[in-house]
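K.L.:
Protein sequences appear in the order of chains W and H. Position one of the first sequence corresponds to residue 0 (numbering that gives the first Met the number 0), numbered consecutively onward. Position one of the second sequence corresponds to residue 0 (numbering that gives the first Met the number 0), numbered consecutively onward. Take a look at this one; I'll ask things after.
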Amino acid sequence: MNMRPYLSYPEGYEKWCHDVLPFYFRPMKKFLMPLLLQIMRDG
Amino acid sequence: MDKAQKQQMKDLKAERIRLFRDQANFKPTERVPHFCNAVTWKVFDAGESLPEALTDFKVMERVVRHFLETYNVDGLMDVGIRNQFNVTEAFGSEGYYYYTEEAVGIKDHAHCTVDTLMDYLEDPTRYTWEKILPEKYGEDWVNKDIETWRKVFWEYLKYTYFIIHMGSVSGKEFGIPSLAPNNPAKGAIQFGIEEMESNLLGIKDLSIALRRNKDLIRDFCEKWDEKYIDPLIEKTYLSDGPQDDKYCFDASIILLSHNILNPKQFDTFLWPSLKRLLDAYAFKGMNVRIFAEGSILRYADKFQYYPKGTVTMHLEQDDPFAFREAAPNVAIMGGLSTELLSGGTPDECVAHTKKLCDELGRQGGFILSEGKMLSYKNDCTSDNLKAICDFVSEYKL
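Below, the structure is given as structure tokens:
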């Protein structure tokens, strides 16, 4: 599956976070995902 | 390591923090401490390949261990965690940063135009998701599957672990203290004008906007402060003050934009934010290290009004003796140029280091460091760095 289901914001982004994060990391979404996005954005 | 060795490293780390803190506070110390600004040069010096070190944590750990076993430094700016490429490589598309056998480079980029700056600030995550990432990666962005992202996430977790691990290796096995508490996960200190120069507009578009869109740039800086700097200032005023036992400094700030700002622009776009933050640190008796890329000598007088012990200026290219004269209240970090480290002899390096220690460090207010980050193979010779480390670790003031 490509990124098409995830392109919208915030719905697509939230679904992307949910699908990428393993179950036990989901409670840390607000801590983990902004830095990952920053790496992908600036790196 | 046995228990006695662990305690020895713990004591050494505490002693080094005390040396850095005392020098930053203009208190005379037995010797001048050396906070080494070695980055990718460490890789070449260890005889490793740069592409391998930047993509394989085991290689990078070997590099850092080799460095700390060879050079008796008191602090190390990068313990191998800068510019690791495993996360972006797992994604499989070209980013802004790249590496060759010789160096790490970054391509010119700008996330915004003057027309979209405020959209970014209103909701950076939305803007990143809807604009920056699709434009940066083009068709690749749409075609990535969720499995690729899961691999990216795992590499990200491994990177996070590596950061923690290297902090532990350097601290517990070599007695190397951490520079300052701010880190990307907690929100590193970044001013609006700096973010516009580094990422949002780039040097060229920011330089044009500073003339054509002055009100917009000022508005952006003010709103940026409300969002990112004001909470930090409030947190500083509410804090318990210096964290003497944990870090060499209470905060670390990197400045670059002063190089393209004229005095009027500096007073309008950077100084108001920086001053309010420094006022808070001064009020709490906290030490801030500012890494001034390029030259900040022409703005030295701005920092002179803070009491000794507030600001330590890490000078990339300025002459430390000229800076001391211009701002006697500001502690200096630096003094070692790549010209000397690469082209001088060990004797010349030691003579220069002795002069720095005698003239700038005897009454406190000086920390020896390399001005520029040691990045390229020819930025320094091993013999020169060894001579400096051996001298400064033994030389009594």
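All residues carry an ideal CB built from backbone N, CA and C; glycine is no exception. All values reported here derive from a predicted model rather than from experimental measurement.
With a threshold of 6 Å on Cβ separation, who are the neighbours of H:K106 within its own chain once the five nearest residues in sequence on each side are excluded?
P.N.:
Cβ neighbours of H:K106 beyond the five flanking positions: Y95.
K.L.:
Given this structure, state the Cα-to-Cα distance separating W:V19 from H:L255, to the nearest angstrom.
P.N.:
Spanning the two alpha carbons is a distance of roughly 36 Å.
K.L.:
8 Å is my cut-off, CB to CB: does H:V38 come that close to chain W?
P.N.:
Not an interface residue.
K.L.:
Exposed or buried, H:Y126, counting other C-beta atoms within 10 Å across all chains shown (16 or more means buried)?
P.N.:
By the neighbour-count rule (16 or more Cβ atoms within 10 Å), H:Y126 is buried.
K.L.:
Report the residues of the stretch 118 to 138 of chain H with a CB closer than 8 Å to any CB of chain W, ordered along the chain.
P.N.:
Residues T124, R125, T127, W128, E129, I131, L132, P133, K135.
K.L.:
Starting from H:L254, trace the beta strand (DSSP E) both ways and give me its first and last residue.
P.N.:
Its beta strand (DSSP E) spans residues 250 to 254.
K.L.:
Within its chain, find whatever has a CB closer than 6 Å to the CB of H:A23; leave out the 5 residues flanking it on each side and keep chain order.
P.N.:
If we look at H:A23 and ignore the five residues flanking it on each side, its Cβ neighbours are N286, T311, A330.
K.L.:
Would you say H:V86 lies against chain W (beta-carbon separation less than 8 Å)?
P.N.:
Chain W, which has a Cβ nearer than 8 Å to the Cβ of H:V86, makes this yes.
K.L.:
Excluding the 5 residues preceding and the 5 following H:F34 in the sequence, name in chain order all residues of the same chain whose CB lies nearer than 8 Å to its CB.
P.N.:
The residues are F19, V72, D73, G74, L75, M76, L178, C247, M332, I366, L367, S368.
K.L.:
Listing by chain order, which chain H residues have their CB less than 7 Å from the CB of W:R25?
P.N.:
Near W:R25 there are no residues of chain H at all, since even the closest Cβ is about 12 Å away, more than 7 Å.
K.L.:
Does the contact criterion of 3 or more C-beta pairs under 8 Å hold for the stretch 287 to 301 of chain H versus the stretch 316 to 323 of chain H?
P.N.:
Segments in contact, yes.
K.L.:
The alpha helix (DSSP H) spanning H:R323 covers which residue range?
P.N.:
Run containing H:R323: 319 to 325, per the alpha helix (DSSP H) assignment.
K.L.:
Looking only at its own chain, which residues have a Cβ that is under 7 Å from the Cβ of H:F268, when we skip the five neighbours before and after it?
P.N.:
Counting only Cβ-Cβ distances below 7 Å, and skipping sequence neighbours, we find I192, I216, R217, C220, L260.
K.L.:
For H:R149, which residues in chain W fall below 7 Å Cβ to Cβ?
P.N.:
Chain W residues near H:R149: V19.
K.L.:
Could you check what DSSP says for H:V38 in three-state terms: helix, strand or coil?
P.N.:
If DSSP states are grouped into helix, strand and coil, H:V38 belongs with coil.
K.L.:
Mark H:G342 as exposed unless 16 or more other C-beta atoms lie within 10 angstroms of its C-beta, in which case mark it buried.
P.N.:
Exposed is the call here.
K.L.:
Since H:R61 contacts H:A45 with CB under 8 Å, what's their CB separation in whole angstroms?
P.N.:
That belief holds up - the Cβ atoms of H:R61 and H:A45 are roughly 7 Å apart, short of 8 Å.
K.L.:
Please determine if the stretch 152 to 169 of chain H and the stretch 85 to 95 of chain H are in contact, where contact requires at least 3 C-beta pairs separated by less than 8 Å.
P.N.:
At 8 Å Cβ cutoff, the stretches touch.
K.L.:
Which chain W residues sit within Cβ distance under 7 Å of H:F90?
P.N.:
Those are M39, listed as they occur along chain W.
K.L.:
If we ignore side chains and look at the alpha-carbon of each, how far apart do H:Q316 and H:K2 end up?
P.N.:
Each residue's alpha carbon lies about 43 Å from the other.
K.L.:
Using a Cβ-Cβ cut-off of less than 9 Å, list which residues of the stretch 245 to 273 of chain H approach chain W; keep chain order.
P.N.:
The stretch 245 to 273 of chain H vs chain W, Cβ under 9 Å: nothing.
K.L.:
From H:W265 to H:T112, what distance separates their C-alpha atoms?
P.N.:
Rather than Trp, the amino acid found at residue 265 of chain H in this sequence is Phe. Straight-line Cα distance between these residues: approximately 22 Å.
K.L.:
Going by beta-carbon coordinates alone, are H:G308 and H:G240 separated by less than 8 Å?
P.N.:
Cβ distance not < 8 Å, so H:G308 and H:G240 don't count as in contact.
K.L.:
Just the C-alpha distance for H:V31 and H:I163, rounded to the nearest angstrom, thanks.
P.N.:
C-alpha separation (whole angstroms): 28 Å.
K.L.:
Would you kindly report the start and end of the unbroken alpha helix (DSSP H) that includes W:E13?
P.N.:
10 to 19 is the extent of the alpha helix (DSSP H) around W:E13.
K.L.:
Pick out whichever of H:D224, H:K203, H:E138, H:F190 has its Cα sitting closest to the Cα of W:N1.
P.N.:
Among H:D224, H:K203, H:E138, H:F190, the Cα nearest to that of W:N1 is on H:E138.
K.L.:
Is it the case that the Cβ atoms of H:D300 and H:A281 are separated by a distance below 8 Å?
P.N.:
The answer is no: Cβ separation not under 8 Å.
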